[in-house]
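First to last, the protein sequences are chains A and B.
According to this note's numbering, the first sequence holds residues 6 to 322 in order.
According to this note's numbering, the second sequence holds residues 6 to 322 in order.
Step one of this worksheet: look at the structure below.
Number of protein chains: 2
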Amino acid sequence: MSLPPVAVGLNAVVMAAGEEAPQVLVVSRKGESPALPFGPFDPARHRTFEIGLREWVNEQARFQLGYVEQLYTFGDQGREAPLADLPASDEARIISVGYLALTPEAAELPSGGGDWQSWYSFFPWEDWRQGKPAIVSEMIEPALRRWIDEAETEGRRDSRRDRARIVFGLDGRGWNEERCLDRYELLYSAGLIAEAARDRGDAPPEAVPGRTMASDHRRIMATAISRLRGKIKYRPVVFELMPETFTLSHLQKIVEGIVGFSLHKQNFRRALDRTGFVEGTGKMLAQTGGRPAELFRYRREALREAQAAGISTPRSK
Amino acid sequence: MSLPPVAVGLNAVVMAAGEEAPQVLVVSRKGESPALPFGPFDPARHRTFEIGLREWVNEQARFQLGYVEQLYTFGDQGREAPLADLPASDEARIISVGYLALTPEAAELPSGGGDWQSWYSFFPWEDWRQGKPAIVSEMIEPALRRWIDEAETEGRRDSRRDRARIVFGLDGRGWNEERCLDRYELLYSAGLIAEAARDRGDAPPEAVPGRTMASDHRRIMATAISRLRGKIKYRPVVFELMPETFTLSHLQKIVEGIVGFSLHKQNFRRALDRTGFVEGTGKMLAQTGGRPAELFRYRREALREAQAAGISTPRSK
DNA sequence: CCTATTAATGCTCATTTTGAGCATATATGG
DNA sequence: CCATATATGCTCAAAATGAGCATTAATAGG
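Structure below.
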């Protein structure tokens, strides 16, 4: 049994909470599309993937990763081709192990290399905090309907329609925020993502607004968003993004940013309360205008006590 | 940027429903511990991991995989050492991409290579269908308490105790069936898994009952069990394990086998009913003794209609 | 210092969803 | 026909959820 060699890269989707929207760490090489931080995995130096990942993120961006979890391993042929450095040969396949990393808001901006960007600059259709985004009704839905009609056979039309209905909630079917990856892949299949044209070598056709990324990095990021949106509901991962102390409104804002819709304040608090994950510090935050809010802190011990659940996300409106 | 080459293997955890317990496909080489089906990933031949996986499972075991999903990529140094074929050198690191595959009960037993084994022959402590297994109270819990006390410092004892409490539900904390992987890893750390001694080169100490597997395959399998136990609750994956038609009791038996505890029959049915995932066929199954049960079928369309949920698992007793 | 404004908190109520258990229906095997 | 083993139906209290109204405590402006 001989195993043909393959090169392994490590990709990190490093996320932090931001003022207006969740942020992702990207490396912007001049003249090129922004990319996720990417580093080679060197088996001679790194005992595990995670050690490798932490080491070079530390080197490249000068900060320590905290919470880290493996996302997915991407190995499709052709995925590395768009990284101009390397020819898409059959011999040197590059696969990449994607990781999701969460850092507290306070995390220093790495000097030099990377910078923080809003999630929704890459995925504007995912932000429903102010209700259904215009881009969905005015651009994506019509484009998808055209794409459905373009299919050659009745069967294909049906299958396209089904897919669009499920992932984009067409025909009043309801938006499931966790399907972020499926939506990206559908838009890609429908040729509405600039990367799709680029990967085929075509001229860019009508593309949905949203910043392009190098290689398949936008897909990797969509995987990370889907994962985080799901996980936040059954594990207390939000707190990895919070500072030591925070107000409940602040916490709610962050959660809203992640799930992409707004929450019912009272019900959010009630559910949070039941989990026992937070405790008041007694200190108040003097804010601009309005009654001052109490500062809370995350009780790590709570994870031990209960059957650790996550954060409930009661939709508002 | 040069990426040092690494060999990539593909592991499949192929699962099927069984009479008494869920089954896993293992390859038993004579004189050696059973292993999960394993094959090399050849970038020259396979455009994607999944294509590679399907191809050689087809070759090796002569059957077609149906539902397949990627589990995790295992890359720790030393993990491949126990596979006697290959020296654990720094140059030839083998990483492996693990997949979970589900096949209907009816799946033919591959002639020659593999055979089906019960999950619980590898993880006897995970089967709570008849209540708390004796092996947990009589052997694991005492052994864990000894392991906690053996720690050198107070801090270490605390951290061991916390970990044991969370994953094994010590001190009346409740058993969370999804923590199968955590439990395996805890037992491994505590030296209670035969593989732990083997990997260190020690003589086997007191080990918890349960069949040993080659390399880190038991860990991979625990990963698969954890994933499936979690997923069954929010995606209709059980139906990938069912024959065309089945009775509700049969479905319940299968779900109970997977989650590892027994369910409240009426509540299980009520919840199942609400999902709309199954429909009666009108046909009855003349069984041995007792009122005949109606045969049901899975409605794939249901996935489109609702916000696809999974199967609810209301505990009984 | 009185009032409008802005948030933070507190409470209520109807509806759904769970968790448990009791009751009835329809086979099979003496 | 009767005991037994299942399948299926129904009820009821408790808990969780979804919506909205009410009160409290600051700041900003007249």
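Glycine included, each C-beta is placed from N, C-alpha and C at the ideal position.
Given the structure is predicted, the values throughout are model-derived calculations rather than measurements.
Could you tell me the alpha carbon to alpha carbon distance between residue 153(B) and residue 190(B), rounded to whole angstroms? 15 angstroms
Who pairs with residue 134(B) in a beta bridge, going by DSSP? 136(B)
Check this for me: beta carbons of residue 13(A) and residue 46(A), under 7 angstroms apart or not? yes
8 angstroms Cβ cut-off: residues of chain A touching residue 108(B): Chain A residues near residue 108(B): none, gap ~23 angstroms exceeds 8 angstroms.
Please list, in chain order, the chain B residues whose beta carbon lies closer than 8 angstroms to that of residue 77(A). 75
Local conformation of residue 198(B) per DSSP, three classes: coil
For chain B, find out if any of its Cβ atoms is closer than 7 angstroms to the Cβ of residue 158(A); answer yes or no. It does not: the Cβ of residue 158(A) has no partner Cβ on chain B nearer than 7 angstroms.
Between the alpha carbons of residue 216(B) and residue 123(B), how many angstroms are there, rounded? 10 angstroms
Short CB-CB distance (under 7 angstroms) between residue 251(B) and chain A: no
Are the CB atoms of residue 259(B) and residue 185(B) within a distance shorter than 7 angstroms? no
Please check if any C-beta of chain A sits within less than 7 angstroms of the C-beta of residue 98(B). yes
Residues that DSSP places opposite residue 121(A) in a beta bridge: 30(A)
From the DSSP secondary-structure annotation, give me the bridge partner or partners of residue 299(B). 289(B)
At least one CB of chain B closer than 7 angstroms to the CB of residue 10(A): is that the case? yes
Shorter than 7 angstroms from the beta carbon of residue 281(B) to some beta carbon of chain A? So, not an interface residue.
Neighbourhood of residue 106(A) by C-beta, 6 angstroms cutoff - its chain only, sequence neighbours within 5 removed: 17, 19, 70 and 73
Applying a beta-carbon distance threshold of less than 8 angstroms, which residues of chain B neighbour residue 120(A)? Here the premise fails: no neighbours, minimum Cβ distance about 21 angstroms.
Can you give me the start and stop residues for the alpha helix (DSSP H) that residue 153(A) sits inside? That run of the alpha helix (DSSP H) goes 146-155.
Can you pull the chain B neighbours of residue 54(A), defined as C-beta to C-beta under 7 angstroms? 80
Let me see if you follow: with CB-CB separation under 7 angstroms, is residue 172(A) close to chain B or not? no
For residue 32(A), go through chain B and note every residue whose CB falls closer than 8 angstroms to its CB, in chain order. Contact of residue 32(A) with chain B by beta-carbon distance below 8 angstroms is absent, the smallest such distance being about 13 angstroms.
Straight-line Cα distance separating residue 262(A) from residue 273(A): 14 angstroms
Taking Cβ-Cβ distances shorter than 9 angstroms, what residues in chain B pair up with residue 319(A)? Simply none; closest approach about 15 angstroms.
Would you check if the distance between the CB atom of residue 307(B) and the CB atom of residue 281(B) is smaller than 7 angstroms? yes
Run through chain B and tell me which residues come within less than 7 angstroms of residue 102(A), C-beta to C-beta. 78
Can you tell me the Cα-Cα spacing of residue 176(A) and residue 170(A), whole angstroms? 7 angstroms
Leaving aside the five residues before and after residue 140(A) along the sequence, list all residues of the same chain whose C-beta is less than 8 angstroms from its C-beta, in chain order. For residue 140(A), same chain residues with a beta-carbon under 8 angstroms away, outside a window of 5 residues either side, are 129, 130, 213 and 214 in chain order.
Whose CA, out of 271(B), 35(B) and 250(B), lies closest to the CA of residue 305(B)? 250(B)
Does DSSP classify residue 79(B) as helix, strand or coil? strand
C-alpha distance - residue 207(B) paired with residue 15(A), whole-angstrom precision: Across the structure, residue 207(B) and residue 15(A) are spaced so that their CA atoms are roughly 34 angstroms apart.
Considering only the alpha carbon of each residue, which of 35(A), 301(A), 23(A) and 234(A) lies closest to residue 218(A)? 35(A)
Residue 46(A) (DSSP reduced to helix, strand or coil): coil
Assign residue 163(B) to one of two classes, buried (16 or more other C-beta atoms within 10 Å of its C-beta) or exposed (fewer than that). exposed
Does residue 49(A) pass the burial test, meaning 16 or more other C-beta atoms within 10 Å, or should it be called exposed? exposed
With DSSP run on the structure shown, which of helix, strand or coil describes residue 105(A)? Strand.
Roughly how many angstroms lie between the CA atoms of residue 266(A) and residue 257(A), to the nearest whole one? 11 angstroms
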